[in-house]
Amino acid sequence: MVLHTSPFSSACLHFLDGLSWILVFPCYWLLDRLLASCVATSLEKRQRSQDPCSFLTLCVLISAPLYLLLFLTSLPFALLGFLLWAPLQAVRQPYLYTYRRPDKHQVEQGAAGPAGAGLSEWRPQGRSFCFCSANVCLLPDSLARFNNLSNTHRRAREVGKRIRNGASRPQIKIYIDSPTNTSISATSFSSLATGFRRTSSLDHRPEPTHITNGPADTETEPLTECPIHPSGATDCPLHPSSGDQGSSECPLHSDGGENTSDCPLHTNNSSDCPVHATGEAQDCPMHSTGAQGSPGHDDCPMHGEGAQPKPSTECPLHTSGVQISISAPEPDPQEDNGETGNHRPGDAAGDTGSMTASRESLTRYHGGGGDGGGGGGISSNNTLSHVPRTSVFKRPGRKRRHGDEAFDHEISAFFPANLDFLALQEVFDHESTTKLRRQLHRYFPYVLSDVGRYGWKGCCSRFKFLNSGLLLASRYPILDARYECYPNGRGEDALAAKGALFAKVHVGTSHQEQRVVGYLTSTHLHAIEGDSSVRCEQLDLLLQWGSEFRQTSSRSPEGEKVLEDLVAFDVILGDLNFDNCSSEDKLEQQHALFTQYKDPCRLGPGEDKPWALGTLLDPSGLYDDEVSSPESLQKVMENEEGRKEYLVFPPSKTQCPGGSQKGRKIPLKGNGRRIDYILYSDEGLQQDWKLDIEDFSFVTQLAGLTDHLSVAMRLAVSTGEEEP
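Residue numbering for the sequence shown follows our numbering, beginning at 1 and increasing consecutively.
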């Protein structure tokens, strides 16, 4: 199948569509600015109240009449453009597929994903994949303000930056053996993870990249290079502050008077490992097998020669209760770089190798700083480094941090490292889509965007002013894609072409030359409260369309004999707009969807697991200092009282459903409304293949940019075979 790399099948139609938009855009922009000037966010209200000269208020009073006058002037041109634009939408493609080859720098740094690593065989023992879903609320600015959000274009760029910076960082694991450490907010874990600080920084400037159907985005930003501690940390047990390389506070030099020139922690001539100086992993005390296998290793930089026969309880490297693991993608070289246009599934001469470390948990990585400055509190305060593979501490046997679960679960301030698949909702604004796609393409080679229909088309009987808002990004080649529009939208939801996006991805090739594939479904259901029947009908269609897509995409072309595909996973991601705790959502909670797909956060209908969090934030508190940065929002979410303050809970009988919940004293049950889901199914897998969840996390990295928490899951696919 040929994926659609252009909105229209001919250049003439594409030109007419562009011409119509040129006529419509001035009127559209002026109307958006006019409405935006009438709806202020809580941050803007605060800024106006602190303005002693009322300058900001005066600007609004002057600009609003000017916008209105220009809007009326542009109406005739917009009407002409609309008459040209609307009929063209009947023949517009339902999505735009863009593919960007990773540049040389990304391949060297390992941030290009499997596509940048070349193609490889499916690992006999299986592989793990990481999925993430996020509602980013990139509506036109005037509409986003009803959710207390503004600056949609700027937010789109920042969302893309934070996602790729979080996903492309090295993967760090910190395990703590403690009989009391069973909660998602364990103090010992958080304090250790935040106990690292930056010792140096590198202004990394990537080479310009080229994206199909879009100009190259050449913007750069400084990246911090330390793979252990975040920016702004102040008490790193390994790295002293900048300029104190020979300080007596170094954990290696307790006497403070010795020469530190040979110190493996202070030496700056290492290119890969932040610890060893020679670059030889086999000689590095942190890399050698003795450091992990024999507790009394004589070369331990923390213990010194003859210091202790066995590890000290205070040693940050060899403590029996703590293990640190750092890993990053380790790509194979790829010779050809550049951009490709009409990508076909058969263009890939082989298959992709997994860039995720098998059976590794999500990173517990804490960033410092808040979202300060102007622009609605948007700042790139958590830019991370792209570093080559670093040292890895391995445990003889993995121990779960939570004894009540078969997998790890946490609240993370960053997106999981080595993220493979990303599903976004509410990416409605066209220009914001372009900005976001450019940022994501620096990490994800394959992107499906601009998904949905406009105008009148097929089952979507009402006129659609907005598309579906869905975007799907992948590090693995996309073989096939299909979009379906829900026909039963009501009210304001019917103005958007909400639906489901189905994709088939190529994740490997077996020794028998069979393709190993995975199925992804991204969706956004009806949002209006009380319309349970509408959402249930949409869930029925979702299951039906998914089954049909898997059947049609698995058929062999006529006249060709090919081996049957091996299915590795079938995952649904999206904003389902119902939770598992509200009494009003009982119909959805009991839907057949949850018999065919598994929800890692769910115990049963109406009952979530104790650690599961709500993902819908109270819009009125988005700009409070307590939740203005990823780190601060993470800490609030780890606290029960903080969750009650900033999460949306099911409305009670004594409160209006549309009212703000901040500061209310009504007793609340549960951990808020969880409406963002990642579901998986183990039906249809090969015999003896098994799916296991490795990690599940609630991500706060988009703090201040959206009113949703993101959710992420790492899924391990095991085949039952052993590594040869």
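Every residue, glycine too, gets a C-beta built ideally from N, C-alpha and C.
Counting C-beta pairs closer than 8 Å gives fewer than three between the region 561-569 and the region 488-498, which falls short of the contact rule.
Within the DSSP bridge table, the entry for residue 448 names 97 and 472 as partners. Here residue 71 has 27, 30, 31 and 34 as same chain residues with Cβ atoms under 7 Å from its own Cβ, once five neighbours each way along the sequence are excluded. Taking a C-beta distance under 8 Å as the contact criterion, residue 477 and residue 505 qualify as a contact pair. Per the Cβ contact rule, the region 53-65 is not in contact with the region 404-422 (fewer than 3 Cβ pairs under 8 Å). With fewer than 16 other CB atoms across the displayed protein chains lying within 10 angstroms of its CB, residue 38 is exposed.
Contact between the region 586-595 and the region 536-552 is established, with three or more Cβ pairs separated by less than 8 Å. Contact between the region 673-690 and the region 612-619 is established, with three or more Cβ pairs separated by less than 8 Å.
The region 122-136 makes contact with the region 569-585: 3 or more CB pairs, one atom from each, lie closer than 8 Å. Judged by beta-carbon spacing, residue 440 lies within the 8 Å limit of residue 473, meaning their Cβ atoms are closer than that value. Check the Cα spacing between residue 529 and each of 10, 429, 585 and 455: the tightest is with 585. Secondary structure at residue 623: coil, using DSSP grouped into helix, strand and coil.
Contact between the region 604-611 and the region 637-645 is absent: fewer than three C-beta pairs spanning the two stretches fall below 8 Å. With a threshold of 16 other beta carbon atoms within 10 Å, residue 2 falls short and is exposed. Residue 421 and residue 525 do not touch by the CB rule: their CB atoms are close to 20 Å apart, not below 8 Å. Counting the other Cβ atoms within 10 Å of the Cβ of residue 62 gives fewer than 16, which makes it exposed. In this structure, residue 14 and residue 95 do not form a Cβ contact; the two beta carbons are roughly 15 Å apart against a cut-off of 8 Å. Straight-line measurement puts the Cα of residue 416 at about 29 Å from the Cα of residue 467. A buried status is given to residue 704, since no fewer than 16 other beta-carbon atoms sit within 10 Å of its beta-carbon.
In the structure shown, residue 646 adopts helical secondary structure according to DSSP, grouped into three states.
Rounded to the nearest whole angstrom, the C-alpha separation of residue 156 and residue 443 is 16 Å. The C-beta distance from residue 716 to residue 128 rounds to 4 Å, short enough to fall under 8 Å. When DSSP states are grouped into helix, strand and coil, residue 519 belongs to the strand group.
The three-state reading of DSSP puts residue 36 in helix, counting H, G and I together.
Secondary structure note for residue 479: its beta strand (DSSP E) is the uninterrupted segment 478-485. A residue is called buried when at least 16 other Cβ atoms come within 10 angstroms of its Cβ; residue 92 meets this threshold and is buried. Rounded to whole angstroms, the Cβ separation of residue 532 and residue 598 is 22 Å, and the two are not in contact under 8 Å.
Comparing alpha carbon positions, the residue from 720, 445 and 513 closest to residue 98 is 445. Per DSSP, the continuous alpha helix (DSSP H) segment holding residue 42 begins and ends at 42-49. Apart from the 5 residues on each side of it in sequence, residue 709 sits with its Cβ closer than 6 Å to the Cβ of 615 and 698 in its chain, given in chain order. The DSSP-derived three-state label of residue 716 is strand.
By the Cβ-count criterion, residue 464 is buried, with 16 or more other Cβ atoms from all chains shown falling within 10 Å of its own Cβ.
Taking the Cα positions, residue 423 is about 6 Å away from residue 471. In this structure, residue 148 lies near residue 620, with their beta-carbon atoms less than 8 Å apart.
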